[in-house]
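Contents: one structure, followed by commentary.
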Amino acid sequence: MFEMLLHINPGLILIAAGILCALSPSHTVRKVLMILAPIAAAVMVFQISNRFGVDDPAYYLRGQITVAGFDLTTLRIDSLSRVWAYIFCLAGLINGIYAFHERSLVADSTALIYTGAAIGAVLSGDLLTLFLFWELTAISSVFLVWRGGPSAYAAGLRYLGWHVLSGVLLLAGAIIYARHSGSFMFDEIGLGVPGGMIMMLGIGIKAGFPLLHSWIQDAYPKSSVTGTVVLATFSTKMAIYALARGYAGTEVLIYIGVIMALFPLFFASVENDLRKVFAYIISNQLGFMVCGVGVGSAMALNGVAGQVALGILFKALMFMSLGAVLHRAGTAKASALGGLFKSMPVTMIFTLVAAASIAAVPLFGAFVTKGMILYAVIADSHYIVAVLLLLASAGVIESSAARIPYVTFMGDDKGLRTKEAPWNMLLAMGVTSIFCIVLALPGAGYAMLYALLPDPDAAAKYMPYTVNHVLVQLQLVLAGVFVFALLRRKVFGPAAAKRSLYPEARPGETLDSDWLYRRIGLDTLKWLNAMMARLEAYTQRFMRWLGGRIGRRMFAVFSPAGTFSESAPSGIASVLTAAILAIALLLVYFVR
Amino acid sequence: MSVKKTKSTAKAKPSAKAKASAKGKTPAKAKSSVKAKAGKSAPALDAELHPLAKHFMWLDGPKLRSQFMWIVLGLLILVTAALFAFPNKHPKPWEPGVVQFISYGLIGAAAMAIIVLCAGAMRKMVVRKENYYGEEDSAGDDHV
Chain P
0 MFEMLLHINP
10 GLILIAAGIL
20 CALSPSHTVR
30 KVLMILAPIA
40 AAVMVFQISN
50 RFGVDDPAYY
60 LRGQITVAGF
70 DLTTLRIDSL
80 SRVWAYIFCL
90 AGLINGIYAF
100 HERSLVADST
110 ALIYTGAAIG
120 AVLSGDLLTL
130 FLFWELTAIS
140 SVFLVWRGGP
150 SAYAAGLRYL
160 GWHVLSGVLL
170 LAGAIIYARH
180 SGSFMFDEIG
190 LGVPGGMIMM
200 LGIGIKAGFP
210 LLHSWIQDAY
220 PKSSVTGTVV
230 LATFSTKMAI
240 YALARGYAGT
250 EVLIYIGVIM
260 ALFPLFFASV
270 ENDLRKVFAY
280 IISNQLGFMV
290 CGVGVGSAMA
300 LNGVAGQVAL
310 GILFKALMFM
320 SLGAVLHRAG
330 TAKASALGGL
340 FKSMPVTMIF
350 TLVAAASIAA
360 VPLFGAFVTK
370 GMILYAVIAD
380 SHYIVAVLLL
390 LASAGVIESS
400 AARIPYVTFM
410 GDDKGLRTKE
420 APWNMLLAMG
430 VTSIFCIVLA
440 LPGAGYAMLY
450 ALLPDPDAAA
460 KYMPYTVNHV
470 LVQLQLVLAG
480 VFVFALLRRK
490 VFGPAAAKRS
500 LYPEARPGET
510 LDSDWLYRRI
520 GLDTLKWLNA
530 MMARLEAYTQ
540 RFMRWLGGRI
550 GRRMFAVFSP
560 AGTFSESAPS
570 GIASVLTAAI
580 LAIALLLVYF
590 VR
Chain F
0 MSVKKTKSTA
10 KAKPSAKAKA
20 SAKGKTPAKA
30 KSSVKAKAGK
40 SAPALDAELH
50 PLAKHFMWLD
60 GPKLRSQFMW
70 IVLGLLILVT
80 AALFAFPNKH
90 PKPWEPGVVQ
100 FISYGLIGAA
110 AMAIIVLCAG
120 AMRKMVVRKE
130 NYYGEEDSAG
140 DDHV
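So the protein lines, in turn, are chains P and F. Each residue of the first sequence is one higher than the one before, starting from 0 at the first, in numbering that gives the first Met the number 0. Each residue of the second sequence is one higher than the one before, starting from 0 at the first, in numbering that gives the first Met the number 0.
Laid out in structure tokens, this is it:
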């Protein structure tokens, strides 16, 4: 029995727990399942990887079955997928704690199924299994978007559309690839093989490539408080895994990654909804990962895996903090918040931990992983790319590290007095904060993380805590914070109404690439619809006119009062008869 | 939801229904938005502080607010000075000569300045009124 379990994809445990959740009317049972299922999956990943190792394909490829003539490898726990599996299990556990207060059968069950599908996807050994889990993540997660209320319905449909398209492209590419290679195995693919480009496009939708990214900023902020935290964890990181598995070293990804790291910062700077601001920061962080995959060296992939692991934690932490603010204050709009540290000081501390982790401040989160990606980019002689990534790394301080904590907790006191976040939210944020700090501590701290990276030997060569690295990173952060504070000083204008160079938060809708289909596309469809309606009306009128005219002519000829019913002289009748006979003879002659 | 928004200008506490009709929302939805509480002054606001926050009120002091920038600048100068003592053994190609000691600071400052100073132009280009797409904005409502 136990041996059989070692062939089962651990993601299926969470999916089964999700189905049980859907059948259970008891809130307590559902919450227990939400806590225990990720732990059980993590134990399974540990057992399998510990027992069979992660280096030999003869052992780490498991769960082989044949379905409809296709050989599927449903389980692969190697050094690359192991990191994703562990961090997804941890994220599932934290999400379960954070959503402990929520009494929603749909949210509980779909969150578990979504988590299970994501774990299943990163542990799948072939493209067909990947596709099945890939689509399951789309179908299960859209319910979390819809938990945002009636007005999230349209965003959910758009989200589903993008994700189904992503899956369809993945499947189409996989079939073309399998016809060429003779196998559906999910190994290195690249752009040089048939189907490779189509699959990368499908994966790129989920990874938030430029112009394909808008579903992130559209759907995440519209979901519920707990839904956003779950959503922000899995889909995009699953796509990064797929890129790392299939497209490591594909140079175009370096440039795609740089664009992803830079452009969201400009959109984030004008956005008023702080959850949407942070959705842009997700795109920025994904840019670093995509860039690392593009470099493709052992160090770069270590950096990507490490950044995914810590990124999931600090991004979840920031969304949890903003969710707690939204839950208590009733808004996450920058223009309505300020001075909340007086009511929610503990939440503020967790927000600052998330901010420091994102900004790669020494002793926090990304400090031990982001440098790896930069190191690999420089080692690959992409110097301009490295400088642009440094600019992106500094730019992220504006939105997430400085603006979100400042505007929410320290800005002008708007008189909001609330309770501190509920205990379960504080517990989830506390656990996540501990991981963000412990995994970045010198010595045994980051060594624990590095030991789990795809190439631990290469990772061990990277020393994040050199005096110079600590100092330059502090210089980068302090310079950014200094300019932030300088630009916020109100020194312009008359004494009574002084203003700063920093733009004030104002409500508004930020147009992104979704404008192309939400405005241009929709308007074009409406215009086409109106034109079709007109065409239909004109066609009907024309047909009515034509029918009436033909009818009248026919009536004039064939009716009892028509031409053919009139008596004709015998001479004309004989000519007509002769003409008909001639036509008949000609037809018989030529046709035969 | 447990929010009290206190403003000295407020005269009376409107009912949920009145607020709902004023905002064009249903009463159930209005329940989850911020409540207005009448006639609270600054001392009354301070009475509602979180116990932990009381120990950190100095963070909100005008002196610290006005001098925060200079504290950061002081730290930045200290860090930059320390970099002269611990230089990078392998300067990057974009760090010739003395630039290697300030390059990260320049990058940090430049990135922040570019983003903030572009925000005005960005806002004109890409920000429109809230119901631009004709969809109700749900961000801000907690449906839990």
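The beta-carbon is built from N, C-alpha and C at its ideal position, and this holds for glycine as well.
Any beta carbon of chain P sitting closer than 7 Å to that of residue i?
i, result
"F/Val98", "no"
"F/Trp93", "yes"
"F/Leu63", "no"
"F/His89", "no"
"F/Phe85", "yes"
"F/Leu77", "no"
"F/Gly133", "no"
"F/Ile172", "Outside the shown range of chain F (0 to 143) lies residue 172 of chain F, about which nothing can therefore be said."
"F/Gly73", "no"
Do you know how far the Cα of residue j is from the Cα of residue i?
i, j, result
"F/His49", "F/Phe55", "10 Å"
"P/Ser140", "P/Gly329", "24 Å"
"P/Thr249", "P/Asn528", "43 Å"
"P/Ala504", "F/Ile114", "15 Å"
"P/Val490", "P/Arg498", "6 Å"
"P/Thr73", "P/Tyr240", "16 Å"
"F/Asn87", "P/Leu387", "20 Å"
"P/Arg548", "P/Leu534", "21 Å"
"P/Phe287", "P/Ile377", "13 Å"
"P/Phe363", "P/Leu448", "13 Å"
"P/Thr227", "P/Arg540", "53 Å"
"F/Gly119", "F/Val126", "10 Å"
"P/Leu35", "P/Leu92", "8 Å"
"P/Ala238", "P/Asp70", "23 Å"
"P/Ala335", "F/Lys128", "17 Å"
"P/Leu159", "P/Ile86", "25 Å"
"P/Ser25", "P/Glu101", "12 Å"
"P/Lys341", "P/Val360", "25 Å"
"P/Val53", "P/Leu60", "9 Å"
"F/Met68", "P/Trp214", "37 Å"
"F/Gly104", "P/Phe481", "10 Å"
Got a sec: is the Cβ-Cβ distance from residue i to anything in chain F below 7 Å?
i, result
"P/Gln474", "yes"
"P/Asn423", "no"
"P/Gly314", "One point to set straight first is that residue 314 of chain P is Lys, not Gly, in the sequence displayed. With 7 Å as the cut-off, P/Lys314 does not count as an interface residue toward chain F."
"P/Lys341", "yes"
"P/Asp351", "Checking the displayed sequence, the identity of residue 351 of chain P turns out to be Leu instead of Asp. By this cut-off, P/Leu351 is not an interface position."
"P/Ala393", "yes"
"P/Gly442", "no"
"P/Glu503", "no"
"P/Met3", "no"
Only counting the same chain, and skipping five residues up and downstream in sequence, which positions put a Cβ closer than 6 Å to that of residue i?
i, result
"P/Pro626", "Outside the shown range of chain P, which is 0 to 591, sits residue 626 of chain P, and nothing can be said about it."
"F/Lys83", "Looking at the sequence shown, residue 83 of chain F is not Lys but Phe. Cβ neighbours of F/Phe83 beyond the five flanking positions: Phe100."
"P/Leu13", "Ala36, Ala40, Leu111, Thr114, Gly115"
Pull up the DSSP beta-bridge partners for residue i, would you.
i, result
"P/Asp272", "P/Lys332"
"P/Met184", "P/Asp125"
"P/Glu508", "F/Arg127"
"P/Val66", "P/Phe69"
"P/Arg498", "P/Phe491"
"P/Arg61", "P/Leu74"
Am I right that residue i and residue j are in contact with their C-beta atoms under 8 Å? What's the rounded C-beta distance?
i, j, result
"P/Ile204", "P/Leu211", "5 Å"
"P/Val395", "P/Ala358", "7 Å"
"P/Val476", "F/Gly107", "7 Å"
"P/Thr645", "P/Val324", "There is no way to answer for residue 645 of chain P, as the model of chain P reaches only from 0 to 591."
"P/Ala218", "P/Val144", "5 Å"
"P/Phe130", "P/Ala231", "Not quite, the Cβ-Cβ distance comes to about 23 Å (not below 8 Å), so this is no contact."
"P/Ala391", "P/Leu261", "5 Å"
"P/Thr431", "P/Leu312", "5 Å"
Considering only residues of the same chain and omitting the five flanking positions on each side of residue i, which have a CB-CB separation below 7 Å?
i, result
"P/Ala393", "Leu475, Gly479"
"P/Trp133", "Ala120, Gly166, Leu169"
"P/Val224", "Gly322, Leu325, His326"
"P/Gln216", "Lys275, Ala278, Tyr279, Asp511"
"P/Met196", "Leu190"
Excluding the 5 residues preceding and the 5 following residue i in the sequence, name in chain order all residues of the same chain whose CB lies nearer than 8 Å to its CB.
i, result
"P/Ile18", "Ser108, Ile112"
"P/Tyr254", "Gly293, Val384"
"P/Leu486", "Ser499, Leu500, Tyr501"
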